[in-house]
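Have a look at the structure below before the remarks.
There are 2 protein chains.
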Amino acid sequence: MLDYPLLAALAAVIREGGFERAAVVLGVTPSAVSQRIRALEERVGAALVVRSQPPVPTEAGARLCAHVEKVRLLEGELASDLPALAGPGPGVPALPVAVNADSLGSWFLPAAARFSEATGALLHLVLDDEAHTAARLRSGEVLAAVTAEPAAVPGCRTRRLGALRYVACASPAFQARYFAEGVTAAALNRAPVLQFDRKDGLQARWLRQHFDQALTAPTHQVPSTQGFLDASLVGLGWALHPLPLAAVPLAEGRLVELVPGAGMDVVLHWQHARLGARLLETLTREVAAEAARSLFPVAGLSALPEPAPDPSRSAPVPTDPASR
Amino acid sequence: MLDYPLLAALAAVIREGGFERAAVVLGVTPSAVSQRIRALEERVGAALVVRSQPPVPTEAGARLCAHVEKVRLLEGELASDLPALAGPGPGVPALPVAVNADSLGSWFLPAAARFSEATGALLHLVLDDEAHTAARLRSGEVLAAVTAEPAAVPGCRTRRLGALRYVACASPAFQARYFAEGVTAAALNRAPVLQFDRKDGLQARWLRQHFDQALTAPTHQVPSTQGFLDASLVGLGWALHPLPLAAVPLAEGRLVELVPGAGMDVVLHWQHARLGARLLETLTREVAAEAARSLFPVAGLSALPEPAPDPSRSAPVPTDPASR
């Protein structure tokens, strides 16, 4: 067997973001933490931690951390079957999961709540662009991820969840100011547009898809799902918003859809470590159930049922990978 | 004068997150970008960019980038006075500003909208913990910040905005399940609690302040302001939420305050580069006006007016610095 006190020191340094904090968690001195990590590095024959602020794992270090987190999860399940085994400490297993901001802000949380209710387990959610959540699974930082990546990460299972539909919206005052003469590509490029962050290419892809034009509009950056919606509501700019969030302000007339029916779908997948851990299976079941309720089915190679008729949702539009 | 084409190449690499993307923006080849940065490094006699993915500036590189962003802002203002001066390109100045997530999610955006409406300028918002936004100002990544740091960053002006009040809340079902026998320190440490991320010590500080106890409760991590509120609404855990966000669900009975009147105030400050730029002055005015409306006045050394009587707000509580 591997030397778990050494591995636990490594994982604690990465998880806690520092040698001192890891020492507090482990109940040893910071110099003991350093010694354990040096001992592990000598055995492995490679550097495991870049001593930056905060410390970051090398590739080898990340693999070892991923291993520790998996063992910890399995131990957590064992402890719930055999309570006498559980040592001191909280003992409640926590599942690290990467989610894109728009999923967290629009459909993911009811699944998380049912999972937690059923299992008593905790979730440590990590936010990232859906184009990058799979990398966090690959590095072992998380054990499951909502991702735009359909191909299974090594050691993981993947399943398609469905499409998160986006609609291009603005406030009525914004529409009156910038689109009084119609929503044309030229008008869209004159009006200020919102971008989640530099990686967010959704607005540009939508303009390309529906108007065959490059996006050159002046751009605000607002890196928060709800802040993004609020920024459209107060008239800062037009933008694509997830339909589950935009539906109510659209129905109330506080937002207007710029080109009715011209939505854009982002297909999401669920990937999780192939561990046979009950916690992961329960979370997978709840996530799949919530996705079936909240996301749009995706037409694949074979015929699939049509999206459920829902008057608040516009007609489906071909799928396009996106970076938010 | 400094060599601005070289400086612009450096700033573009950092802003765009890569040599290729910087080349596209500058309209030159990636190798021209590399040459310019090497030339600048030779003149400065120091490395300016760590060639990682994405590239990150060294301390010297960050200072040069900060200088470029300031010059660009001043040029943007000049161009609006002397349109003939403006070269090709969008020409709309964008102001990089760091904001903590809870401010963005609760009170900041109306000020941003009025600023943008009045000036036509763009905002590039960067999210960080209010304990860390001042560091982004110090590094020159942003020109203004909402921060918990009262002392002026070198080259900046600082002013106190007021206190963002937090209240400890849970859903009624959660309260019935975990606090049927009263909200005691023991019950609070048995019930699952939410944490924004590892840096978020607000719940622990609240428990220490009102119950003189350490927080040992099982902890979910949900790193999104609105997601944090939604997680309490669906019953994932109890947590401290900004009063401007929690007020409506509290009034509607979808959240309950765990210990009525036991809020916690986080004092926020506004710091901005001392530039004499009109854009910064306009934004400062709008931010101060919105803060006066939405935040609580802070009792200082001298007598200050009482908070405006507002039935939806509980009695003021002594100030405590916090990390969210």
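Order-wise, the sequence lines are chains A and B.
Under UniProt numbering, the first residue of the first sequence is numbered 1, with each subsequent residue one higher.
Under UniProt numbering, the first residue of the second sequence is numbered 1, with each subsequent residue one higher.
Ideal placement from N, C-alpha and C gives every residue a C-beta, glycine not left out.
So the candidates are the options; which of them puts its Cα closest to the Cα of residue i?
i	options	result
Leu283(A)	Leu143(A), Val44(A) and Thr133(A)	Leu143(A)
Trp206(B)	Ala170(B), Arg165(B) and Met264(B)	Met264(B)
Arg159(B)	Ala47(B), Ala292(B) and Arg21(B)	Ala292(B)
Leu268(B)	Arg190(B), Pro249(B), Val298(B) and Leu188(B)	Val298(B)
Tyr4(A)	Glu69(A), Thr29(A), Val24(A) and Ser31(A)	Glu69(A)
Phe211(A)	Val222(A), Gly201(A) and Asn189(A)	Asn189(A)
Val222(A)	Leu125(B), Glu42(B) and Val28(B)	Leu125(B)
Gly182(B)	Glu290(B), Pro30(B), Pro260(B) and Arg43(B)	Pro260(B)
Ala62(B)	Arg43(B), Ser31(B), Gln35(B) and Arg15(B)	Arg15(B)
Gly253(A)	Ala170(A), Ser31(A) and Val71(A)	Ala170(A)
Given a cut-off of 7 Å on the beta-carbon distance, is the pair residue i and residue j in contact?
i	j	result
Phe296(B)	Gly162(B)	yes
Pro93(B)	Leu73(B)	yes
Ala168(A)	Leu26(A)	no
Ala11(A)	Val33(A)	no
His220(A)	Leu123(B)	yes
Gln203(A)	Ala185(A)	no
Thr119(A)	Leu279(A)	yes
Arg285(B)	Gly155(B)	no
Tyr166(B)	Pro242(B)	yes
His272(B)	Arg157(B)	yes
I'd like the list of long-range same chain contacts for residue i, defined as Cβ closer than 6 Å, with 5 residues on each side in sequence excluded.
i	result
Val287(B)	Ala111 and Trp270
Val256(A)	Pro172 and Gln175
Pro218(A)	Pro192
residue 344(B)	Outside the displayed range of chain B (1 to 324) lies residue 344(B), so it cannot be described from this structure.
Gly17(A)	Pro54
Ala262(B)	His210
Val153(A)	Ala134, Leu137, Arg138 and Gln271
Phe179(B)	Ala187
Who are the Cβ neighbours of residue i in its own chain at under 7 Å, not counting the five residues just before and after it?
i	result
Leu2(A)	none
Val13(A)	Phe19, Ala22, Val33, Ile37, Val49 and Pro55
Gly45(A)	none
Thr319(A)	In this prediction, Thr319(A) scores a pLDDT of 40, lower than 50, which makes its location untrustworthy; no coordinate-derived value is stated.
Pro249(B)	Leu233 and Leu255
Thr216(A)	Asn189
Glu41(B)	Ala47 and Leu48
Ser294(A)	Trp107 and Pro244
Pro90(A)	Low local confidence applies: a pLDDT of 46 at Pro90(A) is under 50, so the model's placement there is unreliable, with the coordinate-based value given in what follows. Counting only Cβ-Cβ distances below 7 Å, and skipping sequence neighbours, we find nothing.
Less than 8 Å between the CB atoms is what I'm expecting for residue i and residue j, so what's the real figure, rounded?
i	j	result
Ala39(B)	Leu6(B)	6 Å
Ile37(A)	Val56(A)	At roughly 13 Å, the Cβ-Cβ gap does not stay under 8 Å, so Ile37(A) and Val56(A) are not in contact.
Pro96(A)	Glu59(A)	At roughly 18 Å, the Cβ-Cβ gap does not stay under 8 Å, so Pro96(A) and Glu59(A) are not in contact.
Which residues in the same chain as residue i place their Cβ atom closer than 8 Å to its Cβ, once the five residues preceding and following it in sequence are excluded?
i	result
Ala113(A)	none
Ser52(B)	none
Leu127(A)	Ala98, Val99, Asn100, Ala101 and Leu104
Ser116(A)	Leu122 and Leu123
Arg198(A)	Gln221
Thr29(A)	Ala23
residue 325(B)	Because residue 325(B) is not part of the residues shown, which for chain B are 1 to 324, the question remains open.
Hey, is the stretch 182-198 of chain A in contact with the stretch 228-247 of chain A, meaning 3+ C-beta pairs nearer than 8 Å?
-> yes
State whether the stretch 128-148 of chain B contacts the stretch 220-236 of chain A, with contact taken as three or more CB pairs (one from each stretch) at a distance under 8 Å.
-> no
Taking 8 Å as the threshold, find out whether the stretch 101-108 of chain B comes into contact with the stretch 209-228 of chain A through three or more Cβ pairs.
-> yes
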